[in-house]
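Here the structure is laid out as structure tokens; the discussion comes afterwards.
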Ligand SMILES: [Zn+2]
């Protein structure tokens with residue numbers, strides 16, 4: 023290593039930097055204009071500061087976040103000198119739900135600024151869903167071989183299915199799912215949605231692409247796992263000018279071999295490029311002896327514009343890992359889990375605040391790194 027390295031900043035310095043950033047600063051100013059002050063009148067910088075500290079320190083509850091800020095001098099200074107009460111934190115969370123448009127605006131500003139710092143941000147997206155077990159008793163039966171539970175402490179949650187991953191057994195869980203579109207190059211989320219666990223993931227892919235587009239991300243490609251391999255999702259991606267990168271599900275058409283490239287007596291035809299405007303890919307006779315020697319194949323699930331056999335497809339599909347890595351980081355390093363709130367609106371706010379804290383930190387780091395000469 024040559025030159026000097028940037029010294030690690032303390033979380034308190036980082037928190038003060040976030041509160042001073044124009045994106046978060048405007049949220050504080052806009053909330054101020056609503057003329058709401060948390061009883062007994064804590065400044066909004068302190069309220070937003072506690073919210074961000076909760077994610078920065080990966081703390082699941084307001085009680086413990088407030089306790090930490092209260093006894094941590096540097097943190098208290100960072101948020102303006104005074105630590106709000108736990109009760110004020112709860113009331114502020116309720117206020118943020120009521121002013122969700124202001125929070126959405128803040129998230130959009132942070133994403134937009136990150137996009138300008140990192141032009142490659144959001145060019146290739148990866149979409150997936152992940153389980154968020156509810157803050158509720160997840161035992162489906164009241165007793166061994168007993169009747170199924172009828173009342174849950176979080177009635178907005180529902181039973182969903184979790185797939186087996188490495189050593190973890192798959193199966194049912196009670197709770198929510200977070201559906202997200204994540205940038206495959208930076209691993210940062212650009213759009214997300216929390217739904218009850220029973221809702222199937224494939225219903226949300228299109229909405230995530232639209233939300234990403236609304237935030238200024240025109241994804242050139244979108245990678246999804248086999249669970250999303252439907253004609254509708256391929257068409258939805260293409261309609262938004264994003265090439266779908268999805269492994270092939272063994273449907274009856276696939277078993278009949280309808281996904282194979284054209285062929286002739288000279289062998290299987292070779293891919294020679296796609297034309298998104300035409301919505302078709304071009305294939306050639308391997309020896310060029312056939313007349314006509316090439317053929318346009320209309321794009322669909324069986325014949326995507328980026329063919330599944332191509333190197334480009336394989337490399338883009340590897341990018342799908344970004345969304346799983348990001349779910350893991352949000353859950354384990356940013357306290358997206360364990361959920362300590364009930365009801366879908368509170369879980370949604372929790373996810374928004376967690377992801378906002380993560381994105382705002384990424385932005386402050388992007389700003390701190392001077393552009394390479
Ligand atoms: Zn031929």
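In this note's numbering, the protein residues as written are 23 to 395.
Beta carbons: idealized from backbone N, C-alpha and C, even for Gly.
- Item | Rounded separation between residue 42 and residue 255 - CA only | One-based indexing of the chain shown puts residue 42 at position 20. One-based indexing of the chain shown puts residue 255 at position 233. Going from the Cα of residue 42 to the Cα of residue 255 covers about 41 angstroms.
- Residues of its chain near residue 76, where Cβ-Cβ distance is below 6 angstroms and the 5 sequence neighbours each way are ignored: Locating residue 76 in the chain shown gives position 54, where the first residue counts as 1. Counting only Cβ-Cβ distances below 6 angstroms, and skipping sequence neighbours, we find 87.
- Query: What do you reckon, is the C-beta of residue 309 under 7 angstroms from a heavy atom of ligand 1?
  - Reply: Here the question's residue 309 lines up with position 287 in the chain shown. Indeed, a heavy atom of ligand 1 lies less than 7 angstroms from the Cβ.
- What residues in its chain sit with their C-beta under 6 angstroms from that of residue 155, if we drop five residues either side in the sequence? Working through the chain shown from its first residue, we reach residue 155 at position 133. Contacts found: 195 and 197.
- Task: State the CB to CB distance for the pair residue 248 and residue 277, rounded to an integer number of angstroms; the pair is presumed to be in contact (CB under 8 angstroms).
- Result: As a first step, residue 248 is located in the chain shown; it is residue number 226 there, counting from the start. As a first step, residue 277 is located in the chain shown; it is residue number 255 there, counting from the start. The pair is not a contact, with the Cβ atoms about 15 angstroms apart (cut-off 8 angstroms).
- Message: Distance check for residue 81 and residue 354, CA to CA, integer angstroms please.
- Response: Taking the chain shown and counting its residues from 1, one reaches residue 354 at position 332. Taking the chain shown and counting its residues from 1, one reaches residue 81 at position 59. Whole-angstrom Cα-Cα distance: 10 angstroms.
- Look up residue 274 in the DSSP assignment and say whether it is helix, strand or coil. Position 252 of the chain shown, counting from 1, holds the residue named residue 274. In this structure, residue 274 counts as helix in the three-state DSSP scheme.
- For residue 360 and residue 165, the rounded distance between their alpha carbons: As a working note, residue 165 is residue 143 in the chain shown. As a working note, residue 360 is residue 338 in the chain shown. For residue 165 and residue 360, the distance between alpha carbons rounds to 25 angstroms.
- Item | Closer than 7 angstroms: residue 287 CB and nearest ligand 1 heavy atom | One-based indexing of the chain shown puts residue 287 at position 265. Answer for residue 287: yes, Cβ within range of ligand 1.
- With a CB to CB cut of under 7 angstroms and the five nearest residues on each side skipped, what residues in its chain are close to residue 60? Along the chain shown, one-based indexing puts residue 60 at 38. Caution is warranted here: a pLDDT of 49 is assigned to residue 60, below 50, making its placement in the model unreliable, and the coordinate value is therefore given only provisionally. The residues are 69, 106, 110, 113 and 114.
- Item | Exposure label - residue 84; buried when at least 16 CB within 10 Å | Along the chain shown, one-based indexing puts residue 84 at 62. It counts as buried.
- What are the boundary residues of the beta strand (DSSP E) that includes residue 174? Residue mapping note: residue 174 aligns to position 152 of the chain shown, counting from 1. That residue, residue 174, is in no beta strand (DSSP E); it is neither H nor E in DSSP.
- Pull up the CB-CB distance for residue 251 and residue 274, whole angstroms please, since I reckon it's below 8 angstroms. If you number the chain shown from 1, residue 251 lands on position 229. If you number the chain shown from 1, residue 274 lands on position 252. Incorrect: roughly 13 angstroms between the Cβ atoms, too far for contact.
- Message: Rounded to the nearest angstrom, what separates residue 318 and residue 387 at their Cα positions?
- Response: Your numbering for residue 318 matches position 296 in the chain shown. Your numbering for residue 387 matches position 365 in the chain shown. If I take the Cα positions, the gap works out to 47 angstroms.
- Item | Secondary structure of residue 101, DSSP reduced to three states | Here the question's residue 101 lines up with position 79 in the chain shown. It is coil, neither helix nor strand.
- Item | Reference residue 63, options 96, 341 and 104, closest by Cα | As a first step, residue 63 is located in the chain shown; it is residue number 41 there, counting from the start. The shortest Cα separation from residue 63 among 96, 341 and 104 belongs to 104.
- Message: For residue 303, report the span of its beta strand (DSSP E) as first-last.
- Response: If you number the chain shown from 1, residue 303 lands on position 281. 302-306 is the span of the beta strand (DSSP E), which, as asked, contains residue 303.
- Message: Rounding to the nearest angstrom, what Cα-Cα distance links residue 25 and residue 390 in this structure?
- Response: The residue labelled residue 25 in the question sits at position 3 within the chain shown. The residue labelled residue 390 in the question sits at position 368 within the chain shown. With a pLDDT of only 49 at residue 25, under the threshold of 50, the placement of this residue in the model should not be trusted; the figure read from the coordinates follows. Rounded to whole angstroms, residue 25 to residue 390 spans 16 angstroms at the Cα level.
- Is the closest heavy atom of ligand 1 to the C-beta of residue 205 under 7 angstroms? Numbered from 1 along the chain shown, position 183 holds the residue referred to as residue 205. Not under cutoff, so the answer is no.
- Cβ contact check for the stretch 31-42 and the stretch 96-103: 3 or more pairs under 8 angstroms: yes
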